[in-house]
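Protein chains in written order, with my numbering: chain A, 1210 to 1374; chain B, 53 to 352. Below is one structure, written out as structure tokens; the observations come after it.
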Amino acid sequence: MQHNNQHNTQRYLVTLLLAMCLKILPLPVVLNYLNPDWVLLVLIYWTLATPERVGVFNALVIGILVDVLTGRLLGQHALIYALISYTCLKLHKRLRHYPVPQQALFIFLLLMFSQMMMFWIENIQAPVQLTVSFWVPVFTGTILWPLVYSGLRYFRIFGFHGRHD
Amino acid sequence: MDNTRSILSVLVYPIQLLVSMPVDFVEDTYEMLISYTDLKKENAILKQKQLIDSIKLLKFAALENENIRLRSLLENSFKLGEQVLVAELLSVNLVPYEHVVVVNKGSRFGVYAKQPVLDGSGVVGQVIRSLPLSSEIMLITDPNHAIPVQVNRNGLRTIAIGSGQLDRLILPFLPNNADILPGDLLVTSGLGGTFPQGYPVAVVDNFTVQPNKPFANIYATPKAQLDRSRELLIVWTDSTPVPLTFPQPKTQTQTQTQTQTQTQTKTKTKTKTKTKTKTETETETETETETETSAENAAQ
């Protein structure tokens, strides 16, 4: 069991690092607007998969790191991630038993909530011009959720070695 | 709060470097694969350009000297040149709806917030946050950015606001009868206090009169190559103008390492022809500065 936990921590950190890289990846303009909040998706997955280990405080710390990474107001992502992580913790037993499409619907709500909070907080600092493209990452995130879910699940269980480990 | 961010940014900087690495690698390999003939051709072109530029500079040196002299006759203070630091862009993208870029020079090199940033052909933007190892630069095309400009042809002053598109600035505050034409060069007016005066910003490319509205519809294209240049120049301006009327003690300049510091107070004697202008306040960054520019020259 100890062994397994160590593996899990390692894999958790690797996926998180990857998500942070994907979040600031320079892309062509169109893809740029499609780029979803990878860190949030990964965080949601790990909260659902190992709720006893990945909690609200964890989300808070990662949120602050993402704030620094993307140059936002310190605590903006932290607040949003903490709230979403709390929701996931409360509902993880139910969410785990949903079929993946139904899960994706719930993820859609969470991503929408995150983007609305983002808009709200930035609008308090300075008025933001809102375009439709601001909401696009919510939809791409929802569409990509089954992929993220199965990919992370595979990686969490089998790691780098594949099924034959 | 800023301290926290500085400390955490050191933790996060490797991630930004990691993301930036593949792009840098591709560009480096591409540079390695350039053929000998291409290099020779480029070298010839650059030599020619350098010759032309140096001839232009010769004339500017004389003009600048004359300018200083004339201003001193008017008992006016003259603002002298700037120093720059070359910073390289990191290929990362912070948020899609803002035009903010990251460069690899930070407060370790003395970079501070609100510093103007230029490239070879014009104004790029300003530093909005300097972290220990990197700094964030807001481009002039960011929707939240505005820059005070004036038309080079007739000195008409206005404000250019970013549009959110990399190739467009908006001039929303000019009336329908304003004297402005497509092709006019906009230069910084220096009124905001952030940007030094006289650097090229944009070229007006569209002027539409709106008869039923108080202001005309004017667009401009930035001069700087915002989506192409990888090396940016962070500028230190001498915000305190050098007084010309009373002499400064010579000992101050002697302590600095440079031997050629020209005493700006002596310009009244009008004998200098090969004057070299230098800002004296920013000596701690001297080791990093690669080139020197002069504020008044770029306008022409």
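For glycine and all other residues, C-beta sits at the position ideal for the given N, C-alpha and C.
Item, Value
"Pairwise C-alpha distance: Gly1350/A and Trp1344/A", "10 Å"
"Beta-carbon proximity list for Lys157/B, same chain, < 7 Å, skipping 5 on both sides", "Leu137, Ala139, Val163, Ser187, Ile286"
"Every unbroken alpha helix (DSSP H) inside the stretch 1227 to 1284 of chain A [4 residues or more]", "1238 to 1243, 1247 to 1258, 1265 to 1279"
"Three-pair Cβ contact test at 8 Å for the stretch 1233 to 1240 of chain A versus the stretch 1319 to 1337 of chain A", "no"
"Test item: CB-CB of Ala1228/A and Val1251/A under 7 Å", "yes"
"Reduced DSSP category for Val1223/A - H, G, I as helix; E, B as strand; rest coil", "helix"
"Neighbour list for Ser143/B in chain A, Cβ cutoff strictly below 8 Å", "Pro1235"
"Below-7 Å beta-carbon distance, Met73/B vs any chain A residue", "no"
"Cys1230/A beta carbon less than 7 Å from that of Val71/B", "yes"
"Cutoff 8 Å; reference Gln217/B; Cβ partners in own chain excluding five residues on either side", "Thr193"
"Minimum C-alpha distance to Lys1302/A - residue among Glu1261/A, Gly1368/A, Thr1224/A", "Glu1261/A"
"Short Cβ contact (7 Å threshold) for Asp257/B with Pro274/B", "no"
"Distance between Thr1296/A and Arg1362/A (C-alpha atoms, nearest Å)", "20 Å"
"Residue burial classification, His1216/A (beta-carbon count within 10 angstroms, cutoff 16)", "exposed"
"Beta-carbon spacing of His151/B, Leu115/B below 7 Å", "no"
"Alpha carbon of Val1309/A to alpha carbon of Trp1354/A, nearest angstrom", "8 Å"
"Cβ neighbour criterion (16 or more within 10 Å) applied to Pro168/B", "buried"
"Straight-line Cα distance separating Glu83/B from Ala272/B", "33 Å"
"Cβ-based burial, Trp288/B [other Cβ within 10 Å; buried from 16]", "buried"
"Candidates Gln1285/A, Gly1280/A, Thr1259/A, Ile1253/A, of which the one nearest Phe1328/A by Cα", "Gln1285/A"
"Pair within 7 Å by beta-carbon distance, Ala1268/A and Tyr1242/A", "no"
"As assigned by DSSP and simplified to three states, the class of Gly174/B", "strand"
"Candidates Gln1219/A, Ile1293/A, Ile1316/A, Leu1283/A: closest to Thr56/B by CA position", "Leu1283/A"
"Alpha helix (DSSP H) segment containing Leu223/B, residue limits", "Element bounds for Leu223/B: n/a, residue is neither H nor E."
"Sequence-distant residues of the same chain with beta carbon closer than 7 Å to Arg181/B, five excluded per side", "Ala165, Ser187, Glu188"
"Short Cβ contact (7 Å threshold) for Tyr1221/A with Trp1255/A", "yes"
"Contacts that Met1229/A makes with chain B (C-beta to C-beta distance below 7 Å)", "Ile67"
"Listed by chain order, chain A residues near Ser106/B by CB distance under 7 Å", "Near Ser106/B there are no residues of chain A at all, since even the closest Cβ is about 37 Å away, more than 7 Å."
"Nearest-angstrom Cβ-Cβ length linking Asp231/B and Asn206/B, presumed shorter than 8 Å", "6 Å"
"Every unbroken alpha helix (DSSP H) within the stretch 70 to 156 of chain B, with a cutoff of 4 residues, ordered by chain", "88 to 125"
"Exposure label - Asn1213/A; buried when at least 16 CB within 10 Å", "exposed"
"Proximity test, Cβ basis, 7 Å: Val179/B and chain A", "no"
"Identity of the residue in Val1275/A, Leu1240/A, Leu1257/A nearest Leu1225/A by Cα", "Val1275/A"
"Where Gln310/B falls, given that 16 or more other Cβ within 10 Å makes a residue buried", "Unreliable positioning characterises Gln310/B in this predicted model, as indicated by a pLDDT of 41, which lies under 50. The coordinate reading is nonetheless provided below. Exposed, because fewer than 16 other Cβ atoms sit within 10 Å of the Cβ of Gln310/B."
"Interface partners of Tyr1242/A on chain B, CB under 7 Å", "Pro148"
"Beta-carbon proximity check, Val39/B vs Gly174/B, cutoff 7 Å", "The first residue shown for chain B is 53 and the last is 352, placing residue 39/B beyond what the model contains."
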